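Written below as structure tokens is the structure these notes are about.
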Amino acid sequence: MCMYALTMSTAEPKNIKEEMADSAWIEAMQEELHQFDRLQ
2 MCMYALTMST AEPKNIKEEM ADSAWIEAMQ EELHQFDRLQ
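The opening position of the sequence shown corresponds to residue 2 in my numbering, with each subsequent residue numbered one higher.
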């Protein structure tokens, strides 16, 4: 799911503020964090 969300982005963000406002990016990062939790 994470890689799918990252590859589906249609435009590159201009800066980190833009990226952090992107709901797909936020969802992808949350999924990554949940994967770390599951490994512990």
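All C-beta atoms in this analysis are idealised placements derived from N, C-alpha and C, irrespective of residue type, glycine included. Since the model is a prediction, treat every value here as computed from it, not as a measurement.
Could you check whether residue 20 and residue 26 sit closer than 8 Å to each other, using their CB atoms as the reference points? If you number the sequence shown from 1, residue 26 lands on position 25. If you number the sequence shown from 1, residue 20 lands on position 19. Yes, these two residues count as a Cβ contact at 8 Å.
Is residue 32 helix, strand or coil by DSSP? Counting from one through the sequence shown, the residue named residue 32 turns up at place 31. In the structure shown, residue 32 sits in a helix (DSSP, three-state: H, G or I).
Burial state of residue 29 (16 or more Cβ within 10 Å): Within the sequence shown, the letter at position 28 stands for residue 29. Looking at its Cβ environment, which holds 16 or more other Cβ atoms inside 10 Å, residue 29 is buried.
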